[in-house]
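Working notes, structure below.
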Amino acid sequence: MKENIGKVVKVSGPLVVAEDIPNAKMYEMVYVSDRKLFGEIIEIKGNNASIQVYEDTSGVGPGDPVYSTGMPLSVELGPGLIGSIYDGVQRPLDVLKEKYGDFIVRGSYEPALNRKKKWHFVPLVREGSDVVSGDPVGYVQETIAIKHYILIPIGLEGKIDFIADEGDYTVEDVIAKVKTGEGEKEVKMYQKWPVRIGRPYAKRLPPNEPLITGQRVIDAFFPIAKGGTACVPGPFGSGKTVIQHQLSKWSDADIIIFIGCGERGNEMTDVLMEFPELTDPRTDRPLMERTILIANTSNMPVAAREASVFTGITMGEYFRDMGYTVALMADSTSRWAEAMREMSGRLEEMPGEEGYPAYLASRISSFYERAGRVIVLGNEKKESALSVIGAVSPPGGDLSDPVVQATLRTVRVFWSLDAQLAYARHFPSIHWLRSYSLYADSLKDFYTSRLGKEWAEMRKEFMKILRREAELQEMVRLVGIDALSPSDRLIMEVARSIREDFLQQNAFMEEDTYTSLEKQKRMMRLIHLFYVYAQDALKKGVNLDKIVDLPVRVDISRSKLIPEDNLEKFDEIEKKLKESFEALISEVQNG
Amino acid sequence: MAKEYITTRNIAGPLIIVDSVEKATYGEIVEIKAADGSIKRGQVLEIDRDRALIQVFEGTSGLNLGETKVKFLGRGVQVGLAPSILGRIFDGSGSPIDDGPAIIPEKMADINGVPMNPYARNYPSEFIQTGVSAIDGLNTLVRGQKLPIFSGSGLPHAKLAAQIARQAKVKGEGEKFAVVFVAMGITFEEANYFINDFKETGALERSVMFINLGDDPVIERIATPRFGLTVAEYLAFDLGMHVLVIMTDMTNYCEALREISAARKEVPGRRGYPGYMYTDLASMYERAGRIKGKEGSITQIPILTMPEDDKTHPIPDLTGYITEGQIFLSRTLHQQAIYPPIDVLPSLSRLKDKGIGKGKTREDHSDVLNQLFAAYARGRESRELATVLGESALTKTDLIFVKFADRFEQEFVKQDEYEDRSIEETLDIGWKLLSMIPVEELKRIRPAFIEKYLKRYLKEEDKDAAQR
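Chains as they are written, first to last, in numbering that gives the first Met the number 0: chain A, 0 to 590; chain B, 0 to 467.
Okay, structure coming up:
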């Protein structure tokens with residue numbers, strides 16, 4: 000094995016330079032020093048290779064050995080992924096804790112997938128069947144909701160020579176043999192895939208269906224499509240993480256991948272402790288049974304943070320290839336970009352904007368472009384989608400930050416979080432005038448067929464009212480509220496109602512944390528009806544103060560607390576609304 | 000006997016470069032003997048073949064090229080730990096300065112620590128009552144949280160930190176409570192204030208203090224908080240104590256970091272601070288927390304003074320992205336003689352939701368909190384409008400909110416330095432203030448709680464009105 004060994008010549012934090020690594024390849028995985036610290040080659044200059052090391056390098060010095068593996072940084076894909084928690088380079092954190100204790104010891108290594116656990120395999124093909132890459136040869140019922148299909152690895156094609164009988168196997172057991180042009184190839188229940196290369200698919204399709212999140216401001220105003228991309232920039236304390244958590248809890252995706260990239264340890268713990276307790280509204284099973292967590296908290300090695308988003312998206316693509324809808328959350332891509340900046344600085348590369356490397360934008364867009372709605376490989380031509388939602392943490396909330404700007408150029412939905420709204424505890428603090436969704440048009444057909452024409456019309460009307468409110472507020476600031484006409488003051492009142500009674504949503508209140516599309520529509524209709532009736536009443540001479548003071552408005556403001564199984568309550572309020580206005584009008588007409 | 004090198008080639012700021020070194024490693028500690036025999040310590044920052052770049056903790060004054068002797072010790076910076084460390088005062092590099100004996104260590108630990116496995120963490124959910132309404136009621140602190148105080152020069156952050164250290168308790172528990180106090184580059188007077196306060200209240204015997212004053216070596220400041228946190232980890236996870244770590248002033252720490260970065264000629268990030276400052280700060284802040292199956296906890300209260308009260312400055316900005324909220328001190332409130340001058344609107348505790356409510360504080364806490372925030376925000380907004388346009392421009396309801404905001408500052412936020420309010424008292428003040436507002440505007444409160452808690456205050460207010 001002597002020939003696989005190079006020698007360290009320089010150590011600077013997570014960057015190690017080594018010489019004489021035989022056959023060094025870009026992005027090859029290596030082990031540094033006798034502690035076997037895990038690293039990746041990121042630059043080759045003559046005989047010297049620069050290595051980013053995924054662990055603390057204290058105690059490493061010139062002369063220490065570097066062992067090459069010949070393999071690029073890869074993840075293991077197979078049964079056992081769901082419900083796991085990994086670090087940025089797919090080390091299983093739960094197993095590490097069992098084995099090494101409460102702190103992450105350097106050089107600790109465990110395979111990502113349990114080698115001993117037996118899974119119940121059910122074959123789907125017969126001996127003699129023709130298969131191509133991406134075809135399922137069988138499945139494992141990994142959780143009640145998820146059938147984990149065992150796919151023919153990419154690049155393999157031929158006739159099934161052997162297929163295992165239904166029964167219990169480990170991931171290492173050979174469950175199929177395929178006769179190909181280059182001889183017989185074995186298929187195990189797991190495969191490896193290099194993280195920096197996107198997994199191939201048959202065809203890319205434009206998104207046409209929303210990812211339903213149960214969050215009113217998102218579903219109604221700024222929807223994201225299945226297979227779409229979104230970003231959530233905002234200063235600290237504006238609720239980025241809560242939004243990401245809400246989306247991972249309530250999105251109607253089959254698989255959720257949550258990447259805690261350089262963020263707080265306690266937040267990951269929150270997810271870890273809460274998700275097993277929460278149930279998925281669609282399957283009634285614990286949310287953890289569809290979730291994979293990647294936790295590379297801010298105090299864990301910075302280089303592994305750089306790898307974590309790729310580790311996550313590769314797993315997402317794998318489940319997409321089985322035909323599942325996958326949603327991936329990355330919190331926060333700014334920390335990922337900072338990790339790139341730190342490594343770039345240590346490589347002494349020429350910096351671009353704010354010290355970030357010049358390739359920042361291309362890296363960001365190559366990450367988001369791995370999302371999409373596709374027809375997957377394989378004979379069944381299944382359709383599936385991978386959506387990506389990235390949080391961005393710009394310094395001081397300043398949107399001119401290079402990471403925000405590079406992200407905005409590539410994503411299609413922009414949820415702009417606003418500090419002022421957060422201070423007033425208006426959550427989610429997504430600003431209705433600054434945010435946008437480029438999917439709104441392509442999703443219109445879906446909404447119309449599901450909820451009728453009314454939905455799009457009310458949405459448009461509400462946006463108009465909110466925009467008008469902003470103008471009126473400017474005016475009020477100059478001349479005072481008394482200078483406004485009654486109809487303008489009505490708009491102010493209705494806008495306030497839209498903001499407080501519809502857009503505001505309390506993630507921590509059981510009745511309010513998730514709202515179905517049907518209930519969202521009923522809530523919008525209440526406010527809309529109020530506006531229509533009130534305009535009419537004003538015309539008929541009713542005093543605005545009387546309209547504003549109507550007791551039925553309390554019912555509107557409390558409509559968010561109406562349980563999902565009791566939507567008939569809305570009929571009552573609509574009736575009360577109608578009667579209240581009729582009473583006001585008859586009061587005026589009868590003198 | 001380790002080799003002594005006399006091959007120092009460059010000296011620049013806090014850094015020296017030594018040539019022809021054999022077998023040095025990254026992060027290793029070195030002992031440097033100056034020509035006059037004085038001994039300094041340093042750490043290897045970078046090693047390139049046989050050339051080592053070393054940062055000298057005590058500063059490089061007195062070093063020269065020919066006579067400086069450098070010895071590599073083959074290990075990182077360590078601190079000796081034993082239960083007798085409680086009640087002691089150390090300088091910024093861990094030597095006792097209280098005339099007591101040296102610590103006889105039961106255990107040595109590297110001051111850099113190792114990252115806690117996120118899977119091993121336990122979520123912080125135990126309410127800490129600080130006795131300060133603006134914190135307990137609206138920005139609740141829980142065990143294992145890191146909640147910084149964002150202050151400005153001249154504001155009473157030291158007073159507030161001392162008050163929290165004095166009053167902090169968990170409801171109904173016998174305490175194994177300790178305070179680790181870390182001073183970085185603060186004045187003698189400020190350090191003395193804490194030492195005296197701790198002495199007078201008897202807190203000193205359950206405290207450990209690390210003091211790096213303004214005139215102590217700047218580079219030492221990089222190590223000082225790490226000494227403190229390593230001791231805190233020992234007290235919390237080996238001895239099972241609940242540890243409150245107060246670190247002041249993080250601004251001085253970050254400046255020291257920038258100084259080293261500049262001396263190394265690194266590509267600077269924003270305002271000259273190094274690009275890795277986020278990671279560096281996180282390596283300290285993330286040492287707060289709790290571990291599943293272990294008794295103790297580490298709660299951090301770092302204090303930082305925002306240059307020009309600007310919260311977008313890199314130091315508060317990066318801190319806010321790592322910590323679980325922040326307590327903002329406001330100059331305006333301070334000028335109105337409101338103590339503690341906590342501006343509750345930009346303040347935040349991210350972990351409050353798991354630490355409040357039934358069985359922890361009181362069932363109505365969450366609703367009251369949301370309503371107080373919303374009402375105060377609206378009151379402030381209207382008050383600003385009134386200063387521009389005059390009160391006549393406001394609606395009747397908005398006027399009520401303005402009055403609410405004034406009373407909120409005077410009665411809820413303001414309290415005495417030695418006033419220790421229970422959470423029930425805090426919430427009751429909240430209800431009393433909310434009773435000013437028309438019931439239909441109390442949208443954030445569940446009707447059942449309005450029924451249960453608001454009624455008695457309505458009556459009181461009516462009585463008051465009748466008497467007037």
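Heads up, the beta-carbon is just placed ideally off N, CA and C, and yes, glycines get one too. Note that this is a predicted model, so its numbers are computed, not measured.
Ile102(B) and Ala336(B) have their C-alpha atoms spaced approximately 44 Å apart. For a Cβ distance threshold of 7 Å, residue set Gly319 and Tyr320 of chain B lies close to Phe235(A), ordered along the chain. Using a Cβ-Cβ distance cut-off of 8 Å, the stretch 246 to 259 of chain B and the stretch 312 to 328 of chain B are in contact, since at least three pairs of beta carbons, one from each stretch, lie closer than that value. Here His147(A) is buried. Its C-beta has 16 or more other C-beta atoms within 10 Å.
Under the three-state reduction of DSSP, Leu465(A) is assigned to helix. The stretch 411 to 418 of chain A and the stretch 431 to 449 of chain A touch, with no fewer than 3 CB-CB distances between them shorter than 8 Å. In this structure, the beta-carbon distance from Glu262(A) to Asp330(A) falls below 8 Å. Nearest CB-CB separation between Ile41(A) and chain B: not below the 8 Å threshold. The Cβ of Asn121(B) sits closer than 8 Å to at least one Cβ of chain A.
Between Tyr317(A) and Arg198(A), the C-beta gap is smaller than 8 Å, which places the two residues in contact.
With respect to chain B, the C-beta atom of Asp330(A) has no partner C-beta closer than 8 Å. Taking C-alpha positions only, Asn113(A) is separated from Tyr168(A) by approximately 12 Å. In this structure, Val553(A) lies away from Ile572(A), with their beta-carbon atoms at least 8 Å apart. According to the DSSP secondary-structure assignment, Gln54(B) is paired through a beta bridge with Leu14(B) and Gln42(B).
For Trp249(A), the uninterrupted alpha helix (DSSP H) segment begins and ends at Lys239 to Trp249. In this structure, DSSP gives Leu457(B) a helical state, which the three-state scheme calls helix. For Leu525(A), no chain B residue has a C-beta closer than 7 Å to its own C-beta; the minimum C-beta separation is roughly 15 Å. Comparing C-alpha distances from Thr394(B) to each of Ser94(B), Phe403(B) and Ser381(B) shows the shortest one belongs to Ser381(B).
Counting the other CB atoms within 10 Å of its CB gives Phe327(B) a total of 16 or more, which places it among the buried residues. By DSSP's assignment, Gln128(B) forms a beta bridge with Lys168(B). Looking at the backbone, the Cα of Glu468(A) and that of Leu566(A) are separated by about 30 Å. For the C-beta of Asp405(B), not a single chain A residue is nearer than 8 Å; the gap to the nearest is close to 18 Å.
In terms of Cα proximity to Pro267(B), the closest of Arg345(A), Gly77(A) and Ser132(A) is Arg345(A).
In this model, Asp160(A) and Leu14(A) are separated by some 47 Å (Cα to Cα). Exclusion of the five residues before and after Glu305(A) leaves Gln51, Gly87, Trp335, Ala338, Met339 and Met342 as the residues of its chain whose Cβ lies within less than 8 Å of its Cβ. For Arg372(A), the uninterrupted beta strand (DSSP E) segment begins and ends at Gly371 to Ile374. Contact between the stretch 423 to 432 of chain A and the stretch 253 to 269 of chain A is absent, with fewer than three C-beta pairs closer than 8 Å.
Sequence-distant Cβ neighbours of Val541(A) in its own chain, meaning closer than 7 Å and more than five residues away, are Leu583, Ile584 and Val587. Contact annotation for Met115(B) against chain A: Asp101, Phe102 and Gly264 [CB-CB distance below 7 Å, chain order]. Counting the other Cβ atoms within 10 Å of the Cβ of Phe180(B) gives 16 or more, which makes it buried.
Using a CB distance cut-off of 8 Å, Thr310(A) does not count as an interface residue toward chain B. Around the C-beta of Gly271(B), fewer than 16 other C-beta atoms lie within 10 Å, and the residue is accordingly described as exposed. Look at the stretch 269 to 294 of chain B: the residues with a C-beta under 7 Å from a C-beta of chain A are Arg269, Gly274, Tyr275, Tyr277, Thr278, Ala281, Ser282, Glu285, Gly288 and Ile290.
In this structure Phe197(B) is buried. Its beta-carbon is surrounded by 16 or more other beta-carbon atoms within 10 angstroms.
Against chain A, a Cβ distance below 9 Å from Lys22(B) picks out Gly60, Pro61 and Gly62.
Taking each of Arg458(A), Arg125(A) and Met314(A) in turn and checking the Cα distance to Asp440(A), the smallest one comes out for Arg458(A).
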